[in-house]
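Per UniProt numbering, the very first residue in the sequence shown carries number 1; after that it's consecutive.
Just so you know, even glycine gets a beta-carbon here, dropped at the ideal spot from N, CA and C.
Here is the structure we will look at.
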Amino acid sequence: MFASRTNWPLYQNKIALCLQALQQSGVSIIDLTESNPTRCQFQYLHQRTLSPLSRTENLLYQPSPKGSLKARESIAAYYAEAHQININPEQIVLTASTSEAYSFIFRLLANPGDEVLAPSPSYPLFHFLADLNDVRLVPYYLDETTQWSLDQNSLAAGFGPRTKAIIAVNPNNPTGSILTPDEKNGLNQTAKTQAAIISDEVFIDYANQAASRRPASFANNASTLTFTLGGISKAVGLPQMKTAWMVVNGPKRIVQQTIPRLEVILDTYLSVNTPAQSALVIWLKNRLVIQEEIKNRIQANWAFLQAAINQTKICTLWERQSGWYAIVQVPKIQSDEQWVLDLLEEARVLVHPGYFFDFRQEGFLVMSLLLPADIFQKAIEAFCHLILRKSHESASADFELLSRK
1 MFASRTNWPL YQNKIALCLQ ALQQSGVSII DLTESNPTRC QFQYLHQRTL
51 SPLSRTENLL YQPSPKGSLK ARESIAAYYA EAHQININPE QIVLTASTSE
101 AYSFIFRLLA NPGDEVLAPS PSYPLFHFLA DLNDVRLVPY YLDETTQWSL
151 DQNSLAAGFG PRTKAIIAVN PNNPTGSILT PDEKNGLNQT AKTQAAIISD
201 EVFIDYANQA ASRRPASFAN NASTLTFTLG GISKAVGLPQ MKTAWMVVNG
251 PKRIVQQTIP RLEVILDTYL SVNTPAQSAL VIWLKNRLVI QEEIKNRIQA
301 NWAFLQAAIN QTKICTLWER QSGWYAIVQV PKIQSDEQWV LDLLEEARVL
351 VHPGYFFDFR QEGFLVMSLL LPADIFQKAI EAFCHLILRK SHESASADFE
401 LLSRK
């Protein structure tokens with residue numbers, strides 16, 4: 001009865017079952033996977049944020065495939081101010097989410113069975129988007145031995161005659177790594193005229209102030225057809241308002257051929273609601289105040305986490321160049337899944353296992369930096385205590401085993 005593209009494993013894994021059982025029994029869990037800012041007690045979430053939605057102009061429906069001109073002009077102004085890039089609003093289109101933008105781009109570029117290259121580790125969502133759009137996802141790797149730099153050899157090996165697009169998540173999630181100018185050039189050289197580049201830049205405004213470099217947008221990339229994605233879920237911390245965008249750039253002739261085809265797809269769905277488009281102008285103007293509060297939270301939690309992990313002597317906190325996730329490398333005395341289960345059952349803390357993001361080896365746990373400081377610190381103290389205790393127990397067991405031989 002059902003399409004083969006929906007033949008996903010629908011059972012709950014051990015972590016989900018464990019979490020569900022604990023919650024049903026009334027156990028309080030600190031969720032260090034929480035990446036939804038609207039659930040993290042930020043002060044910008046007040047009635048004034050909603051005021052742009054109450055305009056009388058929102059009672060009128062004036063559909064436009066690309067989105068309202070005022071909204072697109074406000075996005076162009078954002079790029080000019082934040083990234084010193086001048087963009088023609090006619091090269092900007094609105095979507096309800098970056099996930100929808102991916103789907104539209106896949107439909108625009110790929111026939112069933114065509115291929116899209118995507119970084120690994122990165123978003124697990126890519127697998128589902130590829131399935132739903134009948135394309136084959138081919139990984140290229142980020143090298144953990146060089147702070148998650150792009151592995152050019154794996155990129156070249158994955159690129160084939162059916163490759164239609166290369167996804168670049170810049171900054172990447174969850175590694176927080178930023179593409180270098182050489183890596184950007186490598187992507188352009190690989191894509192050339194055969195494939196487009198899709199640059200997912202939703203975390204671009206959340207660079208770590210202590211990082212060695214800042215992320216540079218693809219929004220002015222003229223070398224090859226490029227779709228640069230952004231959205232208000234991160235830019236202004238309002239994921240519930242369901243508004244995102246893509247900037248279409250590249251060689252002039254290709255862009256002129258791309259936008260009319262894309263407009264037909266956009267006109268078919270008209271998915272972005274009028275109130276959000278209208279409010280976008282004000283929300284983007286106020287973004288710096290919102291981003292400052294989020295950045296301050298991230299930086300404070302990062303500093304606490306850094307000190308706590310350093311004190312363990314057995315864990316490593318990986319450098320975060322941007323974004324609001326942290327990666328902690330833990331002893332490989334058991335699987336990532338078992339670490340997560342132990343943290344749930346004994347420390348009452350939930351983190352992501354590395355395999356959730358397609359890390360190629362064990363020993364990586366991923367956590368969000370968005371929780372209020374007092375809750376975050378309590379969770380990290382419990383996290384470190386359990387890691388130390390389990391490591392000590394493992395070492396003692398190994399010593400006892402050796403002493404018997």
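In terms of residues, what are the limits of the beta strand (DSSP E) holding residue 244? Here the question's residue 244 lines up with position 244 in the sequence shown. Unbroken beta strand (DSSP E) run through residue 244: 244 to 249.
Along the chain, where does the beta strand (DSSP E) that runs through residue 23 open and close? The residue labelled residue 23 in the question sits at position 23 within the sequence shown. No beta strand (DSSP E) holds residue 23; the alpha helix (DSSP H) holding it covers 14 to 24.
Residue 237 vs residue 290 beta-carbon contact at 8 Å: Position 237 of the sequence shown holds residue 237. Position 290 of the sequence shown holds residue 290. In this structure, residue 290 lies closer than 8 Å to residue 237 by Cβ.
Nearest to residue 128 by alpha carbon, out of 198, 7, 97? What you label residue 128 is simply residue 128 of the sequence shown in a count that begins at 1. The candidate whose alpha carbon is nearest that of residue 128 is 7.
Where does residue 350 fall in DSSP's three states? Locating residue 350 in the sequence shown gives position 350, where the first residue counts as 1. Residue state, collapsed to three classes: strand.
Is residue 195 helix, strand or coil when you go by DSSP? Taking the first residue of the sequence shown as 1, we reach residue 195 at position 195. Coil at residue 195, not helix or strand.
Considering only C-alpha positions, which residue in the set 206, 65, 53 is nearest to residue 261? The residue you call residue 261 lines up with position 261 of the sequence shown. Here the closest residue by C-alpha is 65.
Hey, residue 272 and residue 156 are a contact pair by Cβ (cut 8 Å); roughly how many whole angstroms apart? The count along the sequence shown starts at 1 and reaches residue 272 at position 272. The count along the sequence shown starts at 1 and reaches residue 156 at position 156. In fact, because the Cβ distance is near 37 Å, the residues do not count as touching under 8 Å.
Rounding to the nearest angstrom, what Cα-Cα distance links residue 355 and residue 57 in this structure? Translated into the one-based positions of the sequence shown, residue 355 becomes position 355. Translated into the one-based positions of the sequence shown, residue 57 becomes position 57. Taking the straight line joining both Cα atoms gives about 47 Å.
By the three-class DSSP mapping on this structure, what secondary structure does residue 175 have? Taking the first residue of the sequence shown as 1, we reach residue 175 at position 175. If DSSP states are grouped into helix, strand and coil, residue 175 belongs with coil.
Let's see if you can read the secondary structure: which residues bound the alpha helix (DSSP H) around residue 258? Numbered from its first residue, the sequence shown carries residue 258 at position 258. Residues 252 to 269.
Let's see if you can read the secondary structure: which residues bound the beta strand (DSSP E) around residue 227? Translated into the one-based positions of the sequence shown, residue 227 becomes position 227. Unbroken beta strand (DSSP E) run through residue 227: 226 to 231.
Relative to the alpha-carbon of residue 270, which residue among 100, 53, 3 has its alpha-carbon at the smallest distance? The count along the sequence shown starts at 1 and reaches residue 270 at position 270. Ranking the options by Cα distance to residue 270, first place goes to 100.
Taking C-beta to C-beta, are residue 245 and residue 52 nearer than 8 Å? Position 245 of the sequence shown, counted from the first residue, corresponds to residue 245. Position 52 of the sequence shown, counted from the first residue, corresponds to residue 52. No, the Cβ-Cβ distance between residue 245 and residue 52 is not below 8 Å.
Coarse secondary structure for residue 342, derived from DSSP in three states: Taking the sequence shown and counting its residues from 1, the one referred to as residue 342 is at position 342. Three-state result, residue 342: helix.
Cβ neighbours of residue 358 in the same chain (closer than 8 Å, five flanking residues each side left out): Against the sequence shown, residue 358 aligns to sequence position 358. Once the five neighbours on either side are set aside, the close Cβ partners of residue 358 are 120, 121, 122, 124, 139.
Pick from 201, 367, 362, 231: whose alpha carbon is nearest that of residue 352? As a first step, residue 352 must be located in the sequence shown, where it is residue number 352. With distances taken between Cα atoms, residue 352 lies closest to 367.
Bounding residues of the beta strand (DSSP E) (the contiguous stretch that carries residue 95): Working through the sequence shown from its first residue, we reach residue 95 at position 95. Here the beta strand (DSSP E) through residue 95 covers 92 to 95.
Quick one: complete alpha helix (DSSP H) runs, 4+ long, within the segment 18 to 64? Runs found: 47 to 50.
Delimiting residues of the alpha helix (DSSP H) encompassing residue 304: The count along the sequence shown starts at 1 and reaches residue 304 at position 304. Residues 287 to 312.
Sequence-distant residues of the same chain with beta carbon closer than 6 Å to residue 44, five excluded per side: Taking the first residue of the sequence shown as 1, we reach residue 44 at position 44. Closer than 6 Å at Cβ, skipping near neighbours: 290, 293.
Are residue 388 and residue 19 touching if we call contact CB-CB under 8 Å? Taking the first residue of the sequence shown as position 1, residue 388 is located at position 388. Taking the first residue of the sequence shown as position 1, residue 19 is located at position 19. It is not a contact, given that the beta carbons lie outside the stated cut-off.
Determine whether the beta carbon atoms of residue 249 and residue 228 lie at a separation below 8 Å. Position 249 of the sequence shown, counted from the start, is the residue given in the question as residue 249. Position 228 of the sequence shown, counted from the start, is the residue given in the question as residue 228. In terms of Cβ geometry, residue 249 and residue 228 form a close pair [threshold 8 Å].
Boundaries of the beta strand (DSSP E) in which residue 326 is found, first to last residue: Indexing the sequence shown from 1 puts residue 326 at position 326. Where residue 326 is concerned, the enclosing beta strand (DSSP E) stretches over 325 to 329.
Does residue 264 pass the burial test, meaning 16 or more other C-beta atoms within 10 Å, or should it be called exposed? Against the sequence shown, residue 264 aligns to sequence position 264. So residue 264 ends up on the exposed side.
Runs of 3 residues minimum, wholly inside the segment 98 to 156: which ones carry the beta strand (DSSP E) assignment? 115 to 120, 136 to 143
Backbone secondary structure at residue 358 - three-state DSSP: Indexing the sequence shown from 1 puts residue 358 at position 358. Residue 358 sits in coil when the DSSP states are folded into three classes, being neither helix nor strand.
Alpha carbon of residue 204 to alpha carbon of residue 235, nearest angstrom: By one-based count along the sequence shown, residue 204 stands at place 204. By one-based count along the sequence shown, residue 235 stands at place 235. Their Cα atoms are separated by approximately 8 Å.
Measuring CB to CB, does residue 391 end up less than 8 Å from residue 309? In the sequence shown, the residue the question calls residue 391 occupies position 391. In the sequence shown, the residue the question calls residue 309 occupies position 309. No, they are not a contact pair.
Pull up the DSSP beta-bridge partners for residue 272, would you. Stepping through the sequence shown from its first residue, residue 272 is reached at position 272. In the DSSP output, where bridge partners are listed per residue, residue 272 has none listed.
So which of 311, 374, 322 has the shortest CA-CA distance to residue 169? Counting from one through the sequence shown, the residue named residue 169 turns up at place 169. When each option's Cα is compared against that of residue 169, the closest is 322.
Buried or exposed for residue 325, going by 16 or more other Cβ atoms inside 10 Å? Looking up residue 325 in the sequence shown gives position 325. Result: buried.
Validate contact between the segment 13 to 27 and the segment 214 to 225 using beta carbons, cut 8 Å, 3 pairs: no
Thinking C-alpha only, which one of 339, 349, 350, 34 is nearest residue 394? Taking the first residue of the sequence shown as 1, we reach residue 394 at position 394. Closest by alpha carbon: 339.
Relative to the alpha-carbon of residue 87, which residue among 218, 365, 232 has its alpha-carbon at the smallest distance? Counted from its first residue, the sequence shown places residue 87 at position 87. Ranking 218, 365, 232 by Cα distance to residue 87 puts 218 first.
Using a 10 Å radius around the Cβ and a threshold of 16 neighbouring Cβ atoms, would you call residue 336 buried or exposed? For this step, residue 336 is matched to residue 336 along the sequence shown. It counts as buried.
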